[in-house]
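*Asks:* First, the structure itself, so that you have it in front of you.
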Amino acid sequence: KVQEIADVFELFGNPLHPYTQGLLQSIPRPELPEYRGKRLVAIPGNVPSIMNLPRGCKFCTRCPKAVERCFTDEPPLVEITTDHFVRCHLVETQLTHPRILDGQPLAESV
């Protein structure tokens, strides 16, 4: 399942899912002085087997911010803005009134 949906500018400028953040931090950026001479950030852990996916969030074993709930409950896809959606318990708990989109086609929800 998709963990984060946004247009390219929103996704690169405001990534909300910890795995998205990790992926973006692992991109080499030699054109930027602050990245020269520094090692790339590695995402911890191993990719889970497709035959034995975690029960909760599919990225919980690789997420440095994972809490107990991440290992037991699959997070729903929630609307952050009209153009940004994320599947993460940590982001969901920060919202006052999350709009949960699972269970209905995304095109009908937007």
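Sequence positions in the sequence shown follow the numbering used here and run 3 to 112. Where a beta carbon is used, it is the ideal one built from N, C-alpha and C, also for glycine.
#1: Counting Cβ pairs closer than 8 angstroms, one from the region 38-54 and one from the region 79-91, do we hit at least three?
#2: If I measure Cβ to Cβ from S28 and keep anything under 8 angstroms in the same chain, skipping five residues before and after, which residues do I get?
#3: Kindly indicate which residue of A8, P30, P20 has the alpha-carbon position closest to the one of V93.
#4: Pick out whichever of G47, N54, P32, F61 has its Cα sitting closest to the Cα of E6.
#5: Starting from F87, follow its DSSP beta bridges and name the residues at the other end.
#6: Does DSSP put P46 in a helix, in a strand, or in coil?
*Replies:* Reading off the structure:
#1: no
#2: L42, V43, A44, I45
#3: P20
#4: F61
#5: I7, E81
#6: coil
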